[in-house]
Amino acid sequence: MSLANAPKFLSDGGDMGARMRARDWSASPLGPPEGWAQPLKTLVAVMLAANQPMFIAWGAGRTMLYNDGYAEILGLKHPGALGRPFDRVWSEIWGELKPIMVRCYAGEPIQMDDIMLVMHRHGHPEETHFAFSYTPVRDEAGRVSGVFCPCMEITARVMADRRQAFRLGLEERLRDLSSPKAAMAAAADALGRHLNAAQVGYAEVDAEGHAITGGEIHDGRIPNFRAGRYRLEEYGPAMAADMAAGRAVVVHDVQEDARTSPPEALAAYAAISLRAFVVVPLVKGGRLTAYLYVAHPEPRRWSDDDLALTREVAERTWAAIGRARAEAALRESEARFRLMANAVPQIIWIIDAAGRNEFFNEQWFDYTGATCGPTSASEVAAEFVHPDDRSATTAAFVEAQRASQTFLVEHRIRSKDGSYRWFLVRGEPFRDSCTGAIARWFGASVDIHDRKQAEETNARLAAIVASTTDAIIGFAAEDGHILAWNRGAEELFGYAEAEALGGAVGLLVPPDLPDADPTGVFRRAMDGVRVHEHETERLAKSGERIPVAVTASRMLAPDGRPIGVAAIFRDLRQRKAIEARQALLAREVDHRSKNALAVVQTMLRLTRADDVPAFVRAVEGRISALARAQTLLAEERWDGAALHTMLRGELAPFLADQRAELDGPPVVLPPGTAQPLAMAVHELATNAAKHGALSVPEGRVSVSWCIEASTPMATLRLRWAEGDGPPLAGRPSRRGFGSRVIEGTVRGQLGGAVSLTWARTGLVCHVEVPIRRSLAQPGSE
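Heads up: the sequence shown runs through residues -18 to 762, numbered per our numbering.
What follows is the structure, encoded as structure tokens:
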């Protein structure tokens, strides 16, 4: 019917009003709207005009009418629910609603502030909560003909309250847990109970992409999903990629999700009886390191709230684990610090910015005999520092506080037997990372009593200075001129003591140094700065630039007045030469290793055999030949290998009663020639032992060579001849592997030539190899 022709009570109502007007009600139990009972008309008008969700169930068949607000509650059941029986529309929850509807049709109004119903309004079961009132509606005769229900869905509020209660409970459980494992177990148990999940747990992921699970909370519904090591790629590469990218993975059914439904992945899931899961990954430093998972053995529709809560639990748990690990690391760090502090032989102390003591190590109590630490630096000065040193100590600390610099002082501390010993006290300020202000001082008191006593024996010290090989030079305080020059300085720099004394402070400083100020080290030392092992260069009398390490300190008179600088110059030439030699050696070792590996690679590529044992024997023989050549080269420091020695070494493993005759001038083969030539000789000897002269006791081998030197590159001509062996019928019908190796090494690697002659009396092989003329000169082998 059109809006103009519609009954007045259907003239409003938005979408549902239009649908009611458009519907043909003649076949409905309600009949045409014009004939509806007046109470129904009135309530329909009220319902269509309202924003609050409302529905009416009318008549014995409980025919359902509803407004736009209630259409949203129906989900996918809308618009098909209009005009249908109420019990068919909500068949999945009719068991819960039927008693209420029956009571209401009996005339009893019913109100409920929260009813939980598992609805199927979006194609899957979901928990919902409603507040509503069922009001019986009577017709003109006074009979209850229907039910009018204004309602409100409170699912979001209930779920929010439940999540908040869950959060508070989880926070309470995690608050006092100091163990990361205990925190993970508590969070997994809480989440599993809240979601009614079969299994919840944490897994750590190693660098190879394996998940290591353990300590899961489960209720036994997934018996095959046990703690262990699982490769994530096997459960779907796309799923593993999402996790690696830090994206949460929600799978309602592994058989329906494209990421988990490849056949190989389904087999993996079937093996652990897993059908649905939620995974929240933890990515640190660009790598997947851990994840929280919630698992179920049957398909399950995970809600957005489920995912949000799982994310939140993961974040809270990782935060709790982080705190627990940080606290454990702090405890371990404190324990290590105390262990280290108590292990050193010095007194270690810590005070705060105001001078209040925070820590003394055991050395303090062992030395002073005190049973408890003093409360402040001033108490230390008053009770343990020698009276004559107290004011200087206090002044030095006040100045260090004022200037925010190192606290350094020498004073005497009373021991448990009442005697005093000298200590060098040094404290370094530790600054607050945010404000930069000094937060505390870390310091050490080093016993220097023996050093103090040694200062009284200047004569002995002078003798030591005179005899040392280091250059020790004294510079005057006023202008830096040289006032002391020991024998070590004479030997290092070439100036006699008479020449150097009185010389300028820059006498030895090269004028082109970047820090052109020749008084740099001197002035720093005079200012009280400790110059230690400062590496630089100094100029000898001969003009040689000598690398040195300079250690310089200020010299003080007994009254504390600076009188100059004492500097020690340590010759670094030997160390520098050693460092250069080590670098050269490292490069040489690298070069030689690469060459050896290249030969082995070629050898392996050329080796053929009918079976594995034969291949092993062939490779072992060739590696042995390579090793023997390597040994010869190493014995000569890789300068070369004697040809005669190499031949003798290669033939020795094949000789029993047979004879080997070697004849030729002394020749030293370069490393690049020795190894390939040794391989070729090894192949000749191997062939002779299998098929030639060395295969019978009476056989013999003769090797002769000579050098032809007409250019800077000489030619080594080597002849291998076999005799008294089995007679040969001539050239073999096919080219043997040994022949290929010999030709490959001589021609391919050495750039030489090779010829093979199969005489009846035995094999004859001629080899020509170019070598440097300098190495081919006759000499001792």
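We put the CB at the ideal spot given by N, CA and C, even for glycine.
(message) Restricting to Cα atoms, I'd like to know which of Phe474, Leu255 and Val677 is closest to Cys639.
(response) Sequence check: residue 639 is Gln here, not Cys. Among Phe474, Leu255 and Val677, the Cα nearest to that of Gln639 belongs to Val677.
(message) By the DSSP assignment, the alpha helix (DSSP H) with Gln813 in it spans what residues?
(response) Coverage of the chain is limited to positions -18 through 762, which leaves residue 813 absent and any answer about it impossible.
(message) Report the CB separation of Leu464 from Gly475 in whole angstroms; it is logged as a contact under 8 Å.
(response) At roughly 19 Å, the Cβ-Cβ gap does not stay under 8 Å, so Leu464 and Gly475 are not in contact.
(request) Can you give me the Cβ contacts of Ala271 inside the same chain, cut-off strictly under 7 Å, excluding the 5 residues immediately before and after it? (result) Tyr183, Ala184, Glu185, Val186 and Leu263
(message) For Ala248 and Arg256, I'd like the C-alpha separation in whole angstroms.
(response) 11 Å
(request) Look at the Cβ atom of Ala506, then the Cβ atom of Ala305, and state whether they are nearer than 7 Å. (result) no
(request) Please go through the same chain and pick out, in chain order, the residues whose beta-carbon is closer than 7 Å to the beta-carbon of His101, but skip the five residues on each side of it. (result) Glu73
(message) Tell me the DSSP secondary structure of Ile630 in three-state form.
(response) Going by the sequence as given, residue 630 is Gly instead of Ile. In this structure, Gly630 counts as helix in the three-state DSSP scheme.
(message) On the DSSP letters alone, give me the boundaries of the beta strand (DSSP E) that Cys132 sits inside.
(response) Val125 to Glu134
(message) Output needed for Lys58: all residues of its chain with C-beta closer than 7 Å, excluding positions within five of it in sequence on either side, in chain order.
(response) Val70 and Arg102
(message) Within 8 Å, do at least three Cβ pairs link the stretch 130 to 148 to the stretch 28 to 37?
(response) yes
(request) Could you give the DSSP three-state label for Ile253: helix, strand or coil? (result) coil
(request) Would you mind sorting Asn32 into buried or exposed? The rule is 16 or more other CB atoms within 10 Å of its CB. (result) exposed
(message) Taking 6 Å as the limit between beta carbons, can you name the residues of its chain near Val745, skipping five residues before and five after?
(response) Ala702 and Thr738
(request) Could you say which of Asp285, Pro492 and Val722 lies nearest to Pro657 if we only look at CA atoms? (result) Val722
(request) Just confirm the distance between the C-beta atoms of Glu308 and Ser400, as a whole number of angstroms; I'd bet it's less than 8 Å. (result) The pair is not a contact, with the Cβ atoms about 44 Å apart (cut-off 8 Å).
(message) Per DSSP, what are the beta-bridge partners of Pro410 in this structure?
(response) Trp422
(request) Report yes if the C-beta distance between Met220 and Val235 is below 7 Å; otherwise report no. (result) no
(message) Alpha carbons only, please: which of His430, Ala418, Gln386 and Gly417 is nearest the one belonging to Leu405?
(response) His430
(request) Can you give me the Cβ contacts of Lys557 inside the same chain, cut-off strictly under 7 Å, excluding the 5 residues immediately before and after it? (result) Pro528
(request) Taking all protein chains shown into account, decide if Asp552 is buried (16 or more other Cβ within 10 angstroms of its Cβ) or exposed. (result) buried
(request) Let me know the secondary structure DSSP gives Val522 once reduced to three states. (result) Looking at the sequence shown, residue 522 is not Val but Lys. Three-state DSSP puts Lys522 in coil, outside helix and strand.
(message) Ignoring anything shorter than 3 residues, give me the beta strand (DSSP E) runs that lie fully in the stretch 191 to 259, in order along the chain.
(response) 191 to 194, 210 to 212 and 230 to 232
(request) Please state if the CB of Gly61 and the CB of Pro10 are separated by a distance shorter than 7 Å. (result) no
(request) Give the range of the alpha helix (DSSP H) segment to which Asp170 is assigned. (result) Pro161 to Leu176
(message) Considering just the uninterrupted stretch of the alpha helix (DSSP H) at Asn338, what are its terminal residues?
(response) Unbroken run through Asn338 is the beta strand (DSSP E), Asn338 to Phe341; no alpha helix (DSSP H).
(request) Indicate the three-state DSSP secondary structure (helix, strand or coil) for Gly545 in the structure shown. (result) strand
(message) For a quick check, are the C-beta atoms of Gly704 and Thr667 less than 7 Å apart?
(response) no
(request) Figure out for me which residue from Leu489, Glu409 and Pro594 has the closest Cα to the Cα of Phe550. (result) Leu489
(message) Mapping the DSSP letters down to three states, classify His101 as helix, strand or coil.
(response) coil
(request) Pull up the distance between the alpha-carbon of Thr532 and that of Glu437, whole angstroms please. (result) 22 Å
(request) Since I believe Glu664 is in contact with Gly719 (beta carbons under 8 Å), could you give me their beta-carbon distance rounded to a whole number of angstroms? (result) 4 Å
(message) Check for me: the alpha helix (DSSP H) holding His663 runs from which residue to which?
(response) Pro652 to His672
(message) Please state whether the Cβ-Cβ distance between Trp211 and Ala192 is less than 7 Å.
(response) At residue 211 the sequence reads Tyr, which differs from the Trp that was named. Yes, the Cβ-Cβ distance between Tyr211 and Ala192 is below 7 Å.
(request) Spatial neighbours of Pro539 within its chain, please: CB distance less than 8 Å, with the 5 preceding and 5 following residues excluded, ordered by chain position. (result) none
(request) Please list the segments of the alpha helix (DSSP H) lying wholly inside the stretch 429 to 510, counting only runs of 4 or more residues, in order along the chain. (result) 430 to 436, 439 to 448, 468 to 474, 478 to 481 and 501 to 507
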